[in-house]
Structure formats: C-alpha cells, structure tokens
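Heads up: the sequence shown is residues 1 to 88, going by the numbering used here.
Yeah, the Cβ is synthetic: ideal placement off N, Cα and C, and Gly gets one too.
Just so it is clear, the structure is predicted and the values come from calculations on it, not from any experiment.
Heads up, the thing below is written out as structure tokens.
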Amino acid sequence: GVRHEPTNKIVLDLERLYDEASEELAYVARYARAIQQQRGDYNGRVLSIRADDLRALAIVYDSSPSGLIERLTEHGVLVADPRALFAS
Ligand code: C2E
Ligand code: C2E
Ligand code: C2E
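Rendered as structure tokens:
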C-alpha cells in the first residue's frame with residue numbers, strides 16, 4: 001500500500017499567497033518570487049521552501065519558525081498535502 005508519512009515540508013499555495021493582499025504577508029510573497037526566480041520554477045501552483053529559508057523569514061517577522069507557520073496557516077497559504085491538490 002501507499003505509505004503516508006507525516007511530512008514537515010513547508011509548501012506554499014502560491015495562488016493564495018499572491019492573491020492575498022494583506023500587508024502582513026508581503027515579505028513572504030516577495031521571498032517566494034525570489035525563490036521561483038532562482039529555481040526557474042515559474043509555473044507551479046505550489047512551492048516547497050527550505051527549512052533554512054523559513055528560519056530566515058521568521059526573523060524578518062520577529063517570530064519563531066513555528067510562530068510563522070501558525071500565521072501562514074491562519075492566512076490559509078500553507079498546503080498540508082500537496083499531492084491532495086492534484087488528486088481531485
Ligand atoms: P544550489 O544550492 O547549489 O543547488 C543546486 C541544485 O541542487 C538546485 O538547483 C537543485 O536542483 C538541487 N538542490 C539543492 N538543494 C536542494 C533541496 O533541498 N531539495 C531539492 N529538491 N533539490 C535541491 P536549482 O533548484 O536550479 O537551484 C539553483 C540555485 O538557486 C541553488 O543552488 C541555490 O543557490 C538557489 N536556490 C534555489 N532554491 C532555493 C531556495 O529555496 N532557497 C535558497 N536559499 N536558495 C535557493
Ligand atoms: P510532493 O513533494 O508531495 O509534491 C507533490 C506535488 O506538488 C508535486 O508533484 C508538484 O506538482 C507540486 N510541488 C511541490 N513542491 C513544488 C515546488 O516547489 N514547485 C513546483 N512547481 N511544484 C511543487 P510532482 O512534481 O509530480 O512530484 C511528486 C513527488 O515526487 C513529490 O511529492 C516528491 O515526493 C517527489 N519529487 C518531485 N520532485 C522532487 C525533487 O526535486 N526532489 C525530491 N526529493 N522529491 C521530488
Ligand atoms: P526535498 O527535495 O524533499 O528535500 C528534503 C530535505 O533534504 C531538504 O530540506 C534538505 O535538508 C535535504 N536535501 C535535499 N537535497 C539536497 C541537496 O541537494 N543539498 C543539501 N544540502 N540538502 C538537500 P529543505 O532544505 O528544508 O528543503 C525542503 C524542500 O524545499 C525540498 O524537499 C525541496 O522540495 C525544496 N527545495 C529546497 N531547496 C531547493 C532548491 O535549491 N531547488 C529546488 N528545486 N527545490 C528546493
């Protein structure tokens with residue numbers, strides 16, 4: 001059968017992130033665009049980001065990585081299971 005491992009991977013929903021006009025997520029959006037550029041990954045609906053980059057972003061928000069994850073969750077811009085997005 002298929003194994004479902006709990007992944008701690010941070011996956012951003014780019015559609016929601018870029019639609020979200022809130023000032024609060026402006027830095028996350030800018031960071032995500034920069035990562036897309038570095039990878040040449042322009043056509044994805046989602047973007048997996050490095051744990052290291054989350055740590056750096058958390059500093060910008062004067063928060064901890066888990067604190068930032070909480071905020072991203074509240075804004076609905078995190079994808080819990082990217083594969084589920086493409087399953088339906
Ligand atoms: P790099 O760090 O020297 O990585 C070279 C290549 O190794 C990447 O090419 C990618 O194919 C692979 N790679 C490195 N780390 C990982 C990883 O954790 N997971 C996966 N799946 N592959 C990895 P790519 O994607 O074309 O990126 C080119 C360069 O752009 C990278 O060189 C790095 O300098 C920068 N970059 C890309 N994405 C990120 C990112 O999310 N954060 C940071 N800080 N830099 C990034
Ligand atoms: P996953 O990591 O759970 O990702 C599921 C799907 O989400 C991917 O399907 C892709 O459509 C999308 N996705 C996730 N992260 C990104 C991203 O940073 N950019 C873009 N453009 N799309 C993203 P896909 O590509 O068919 O991959 C299926 C599975 O294969 C992935 O599941 C992962 O487990 C593995 N995989 C694919 N590419 C890599 C890779 O570069 N490195 C590693 N380690 N695994 C990969
Ligand atoms: P992933 O590809 O499944 O990689 C999971 C973890 O394996 C990464 O977590 C990192 O700790 C390690 N890893 C994988 N490939 C490399 C590598 O080439 N060099 C090094 N030093 N470590 C590697 P991390 O960094 O938190 O990244 C989480 C996810 O973000 C990655 O999952 C991948 O989907 C994406 N990602 C990170 N960096 C890059 C990058 O440079 N290019 C691309 N295309 N995707 C990246």
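- Per the Cβ contact rule, the region 13 to 21 is in contact with the region 73 to 84 (3 or more Cβ pairs under 8 Å).
- For S64, the Cβ stays outside the 7 Å cut-off from all heavy atoms of ligand 2.
- Closer than 7 Å to some heavy atom of ligand 2: that describes the Cβ of G44.
- Linking G40 to A84 through their CA atoms gives a straight-line distance of about 24 Å.
- DSSP places D13 in the strand class (E or B) of the three-state scheme.
- Unbroken alpha helix (DSSP H) stretches of 4 residues or longer found wholly inside the region 9 to 85: 14 to 19, 26 to 39, 51 to 60, 65 to 74, given in chain order.
- When the five nearest sequence neighbours on each side are left out, the beta carbons in the same chain lying within less than 8 Å of the beta carbon of L54 are those of I10, P65, L68, I69, in order along the chain.
- Of the candidates F86, L17, N43, L17 places its Cα closest to the Cα of Y31.
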